[in-house]
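Taken in order, the sequence shown gives residues 342 to 522; the numbers are from my numbering.
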Amino acid sequence: MDNGSKVLCVLCQKCDETEKTGALSTKDGVTAHQNCLLFSSGLICRYSPQFDDLFGFSVDDVLAEVKRGSKLTCYRCQMKGATAGCEVKRCKRSYHYPCAVQHKATVVEDADQGKYVLFCFKHSEPTQNNNVSVNGRPSSVIGSQTSISQSEAGSSKVGQMGISTTMTRNFNHFIKNTVAM
């Protein structure tokens with residue numbers, strides 16, 4: 342199968358499903374990786390995940406995020422489409438999610454609170470433990486470890502309906518285990 346016939350993530354333009362990117366999902370002709378959706382700065386999960394959707398993200402919202410990203414250049418690869426920005430408000434570094442991870446950004450995931458944020462390598466500071474505070478709440482860190490003040494951290498990824506992106510991860514885990522049976 343050549344690259345022309347593979348399905349690509351609309352956010353990072355990659356077709357591989359890896360631990361870094363998460364699974365691909367397609368709805369109404371729009372395909373995206375789970376982590377590309379979760380860590381895009383302009384996206385909020387609005388719905389409970391269904392078997393055949395974009396992990397609970399609205400197709401219209403994803404397309405709007407693609408349009409927003411088309412104006413942003415990735416700090417690592419210098420290509421357009423960078424939708425994952427450093428969580429420090431004064432920082433202007435934006436990335437494709439896989440590029441951010443490759444560039445040693447700190448990925449902060451607080452599944453209990455539905456927060457999925459990243460900090461560029463410049464704003465990632467090592468700490469003594471694995472917990473950090475994002476908006477004053479403890480979080481787990483994937484990759485590097487960081488410490489950030491409450492005033493520097495951005496907003497949550499919980500949607501207007503109060504549905505957390507945690508549901509997305511739990512649903513995806515459920516589907517994987519169900520399919521494996």
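Built from N, CA and C at the ideal position, the CB exists for glycine as well.
Just so it is clear, the structure is predicted and the values come from calculations on it, not from any experiment.
Query, Result
"What are the start and end residues of the alpha helix (DSSP H) that includes Lys408?", "Val400 to Gly410"
"What are the partner residues of Asp451, as DSSP defines its beta bridges?", "Lys456"
"Secondary structure at Ala373, three-state DSSP: helix, strand or coil?", "strand"
"Can you tell me the Cα-Cα spacing of Ser497 and Lys347, whole angstroms?", "Confidence at Ser497 is low in this model, with a pLDDT of 38, below 50, so its placement is unreliable and the value that follows should be read with caution. Taking the straight line from one Cα to the other gives about 33 Å."
"Provide the residue(s) that pair with Cys427 in DSSP beta bridges, ordered along the chain.", "Leu459"
"Measuring only the C-alpha atoms, how far is Cys356 from Ser366?", "11 Å"
"What residue from Glu406, Val400 and Gln443 has the CA that sits closest to Cys418's CA?", "Gln443"
"Determine the direct distance from the alpha carbon of Cys415 to that of Cys440, and round the result to whole angstroms.", "8 Å"
"Is it true that the region 380 to 390 meets the region 398 to 416, where meeting means three or more beta-carbon pairs spaced less than 8 Å apart?", "yes"
"Considering only C-alpha positions, which residue in the set Lys368, Asp394 and Val407 is nearest to Cys353?", "Val407"
"Per DSSP, which one or two residues make a beta bridge with Ala362?", "According to the sequence as given, residue 362 is Thr; it is not Ala. DSSP, once it has assigned bridges, lists no residue as partnering Thr362."
"For Lys463, tell me which candidate among Glu428, Asp453 and His374 has the shortest Cα-Cα distance.", "Glu428"
"If you draw a straight line from the C-alpha of Ser465 to the C-alpha of Ala452, how long is it?", "20 Å"
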